[in-house]
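Using numbering that gives the first Met the number 0, read the sequence shown as starting at 0 and increasing by one per residue.
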Amino acid sequence: MAQTAITQHKMFIGGRWVDPVEGDARRILNPATGETIAEVPNGTEADVDAAVQAARDAFEEWFDSTPGERSKMLLDLADRIEEHASDFVDIESRNVGKPVTMVADEEMPATVDNLRFFAAAARALEGRAAGEYMRGYTSILRREPVGVVGSIAPWNYPLMMAIWKIGPALAAGNCVVLKPSEWTPLSALRLAELAEDIFPPGVFNVVTGDGEPVGAGLVRHPGVNMVSLTGDVATGKEVARAAASTLKRVHLELGGKAPVLVFDDADVSQVVEWVKTGGYFNSGQDCTAACRVIAGPRIYDDLLSEFVPAVEQLKWGDPADPETEMGSVVSPEQLERVKGFVERARQAGATVLTGGPADDRPGYFFKPTVVTDVSQDSEIVQREVFGPVVTVQRLPSDDEAIAWANGVDYGLSASVFTRDIGRALNAARKLRFGTVWINTHILLVSEMPHGGFKQSGYGKDLSLYALEDYTEIKHVMAALD
Ligand code: NAD
């Protein structure tokens, strides 16, 4: 069998490709085969320091750039990503175990659209009003960049999450030091290659390495004005604690445990279609995954009898096969995590109706799984599994619906399925989640905000709200004579 070529990489700091000051290299895996596909620098705090310094130096001039200039650069980058979409399909598929068709048809068009939205939004930033609020004095509102932003990304959508971070930050006039996940840095490095001659040196930097010291180093660094993290709730708490010592602004997009509230009058086929899509997309490694179905007492049996065979039909396996709908999970650690959740649930009395580990092949695969007989306070209902596992709970009556749906620490997204518009809108009002879908799930658009309530974090991604999050508002007051 032919040996896979192992690519060697550097970090992108101050417009140049550099070796780490003192760090070694980390092996990057293809989780669908277990093979090493690349070696990437394991950065240290010295590299963070160099990148922050480069970003600070660049900020001096970048501060004078106009929204129109920044918009043009972001549009150029979007065009390049689109032109080179097949590179990213290959990278994301081989580094994350994603099906090639999913990346090509879903992630790439969305990613390019997200960036084009931020390019356009750069020119639409405004203050609410300027005028004379005290006789003899004019007040002016300015929206200014925060400065240097440390952007810390997760592994589940490496390119898309990088774009969600750098898009609004650069559009608003900040300089960025991006730290991709230590497991999936390859698309961020390819992105830097495409961006290399678009932005002035130092405006966009990529430092690779572990959460500690690189991510945490950005959070500690006095030269970083804001940190934006997409990651686990525990990481978010750690970042918020550490950021307090320099009081830097923190933007946190954290985990989720999305309820799918199915009332008895719902269209069963519609629910099955959306949970099959939303529960297993990206192997369930999605913060908005439709992972927690809560069904009315009368629809529960019908739903399961249609849902389980539908899940069993999902084509999972080799991500490079264009027919594959679900690939591997991201790493051996993640596979163990998912196995552990399902095994502990089983030991506590849950029924695994279909799915489970797929240990009979190389790589890190877990079959599309459906678990029932789980109580509201069980671990598998309360904690984010982040794998292809959907639980289905039966409601004693409608009265418990909202309490069960809201009864977790997370608050990122939820969906409600019913044919009754009043019931749907009432549920949408009461559900404590940043996004509520009605008769659908998992869909996002560039123009609308994405972000959490409760322990799913604070700050919004996408939309003009994200752009505002990356700005400071300044009041300038001038005496008229
Ligand atoms: P993670 O928290 O383990 O890592 C996220 C990033 O933080 C990585 O780059 C990591 O190196 C870095 N990091 C780790 N410890 C750090 C520290 N102490 N200081 C600074 N940085 C640190 O998360 P993950 O496993 O990569 O991603 C999965 C998580 O991300 C899930 O919980 C998922 O729900 C969440 N997520 C949320 C959204 C959203 O929009 N809310 C989107 C995607 C993923």
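Beta carbons: idealized from backbone N, C-alpha and C, even for Gly. None of the values given here were measured: they were computed from a predicted structure.
Quiz prompt | leucine 217 classed as buried or exposed, judged by whether at least 16 other C-beta atoms fall within 10 angstroms | solution = buried
Exercise. Return the bridge partner residues of leucine 140 from the DSSP annotation.
Key: His474
Practice problem: Report the partner residues of serine 414 according to the DSSP bridge assignment. | Solution: Val259, Trp436
Exercise. Report the option in Ala465, Thr100, Leu169, Asn41 whose CA atom is closest to the CA atom of glycine 67.
Key: Leu169
Quiz item: Smallest Cα separation from alanine 347: which of Glu252, Thr371, Gly354, Val337?
Solution: Thr371
Quiz item: Opposite cysteine 174 in the DSSP bridges: which residues?
Solution: Val147
Quiz item: Do you know whose CA, among Arg248, Ala120, Leu188, lies nearest tyrosine 457's CA?
Solution: Arg248
Quiz item: Using a threshold of 8 Å, is the CB atom of phenylalanine 432 nearer than that to any non-hydrogen atom of the ligand NAD?
Solution: no
Quiz prompt | Beta-carbon spacing of threonine 287, leucine 443 below 9 Å | solution = yes
Self-check item: Local Cβ density within 10 Å of glutamine 333, reported as buried at 16 or more and exposed below that
Solution: buried
Self-check item: Exposure label - lysine 314; buried when at least 16 CB within 10 Å
Solution: exposed
Exercise. To the nearest angstrom, report how far apart lysine 366 and valine 310 are at their CA atoms.
Key: 10 Å
Self-check item: Bounding residues of the alpha helix (DSSP H) (the contiguous stretch that carries arginine 345)
Solution: 331-346
Quiz item: What three-state label does DSSP hand serine 6 in the structure shown?
Solution: Going by the sequence as given, residue 6 is threonine instead of serine. Strand at threonine 6.
Quiz prompt | Contacts around isoleucine 401, its chain only, beta-carbon distance under 6 Å, and the 5 residues preceding and following it disregarded | solution = Lys429
Exercise. Could you spell out where the alpha helix (DSSP H) holding methionine 107 opens and where it closes?
Key: 107-120
Quiz item: What did DSSP end up calling tyrosine 156 once you bin it into helix, strand or coil?
Solution: coil
Quiz item: Helix or strand or just coil, what does DSSP make of phenylalanine 365?
Solution: strand
Self-check item: Residue from Asn94, Ala187, Thr229, Leu411 with nearest C-alpha to methionine 10
Solution: Ala187
Quiz item: Going by the CB atoms, is the gap between alanine 423 and alanine 404 shorter than 9 Å?
Solution: no
Exercise. May I ask which residues mark the beginning and end of the alpha helix (DSSP H) holding glycine 278?
Key: 267-279
Exercise. Pull up the distance between the alpha-carbon of serine 412 and that of valine 435, whole angstroms please.
Key: 6 Å
Practice problem: Measure the CB-CB distance between valine 307 and phenylalanine 416 and report whether it falls below 9 Å. | Solution: no
Practice problem: Can you give me the start and stop residues for the beta strand (DSSP E) that glutamate 38 sits inside? | Solution: 34-40
Quiz item: Which of helix, strand or coil does DSSP assign to leucine 251?
Solution: strand
Quiz item: Just the Cα atoms here: how many angstroms apart are isoleucine 36 and aspartate 397?
Solution: 51 Å
Quiz prompt | Three CB pairs or more closer than 8 Å across the region 213-227 and the region 144-152 | solution = yes
Quiz item: Can you give the Cα-Cα distance for arginine 93 and glycine 421, rounded to whole angstroms?
Solution: 46 Å
Quiz item: Looking at valine 407 and valine 389, is the spacing between their C-beta atoms short of 9 Å?
Solution: no
Exercise. Using only alpha-carbon positions, find the residue among Asn281, Ile90, Glu59 that is nearest to methionine 101.
Key: Asn281
Quiz prompt | Start and end residues, beta strand (DSSP E) containing valine 292 | solution = 291-294
Quiz item: With a Cβ-Cβ cutoff of 9 Å, do proline 318 and lysine 338 count as a contact?
Solution: no
Quiz prompt | Nearest neighbour of alanine 119, chosen from Lys459, Glu446, Pro184 [CA to CA] | solution = Glu446
Quiz item: How far does the beta strand (DSSP E) with tryptophan 16 in it reach, from first residue to last?
Solution: 15-17
Practice problem: Count the other C-beta atoms from every protein chain shown that fall within 10 angstroms of the C-beta of threonine 46, then say buried if there are 16 or more, exposed otherwise. | Solution: Residue identity differs from the one stated: residue 46 is aspartate in this sequence, not threonine. Looking at its Cβ environment, which holds 16 or more other Cβ atoms inside 10 Å, aspartate 46 is buried.
Exercise. In angstroms with no decimal places, state the Cα-to-Cα distance between proline 167 and glycine 130.
Key: 28 Å
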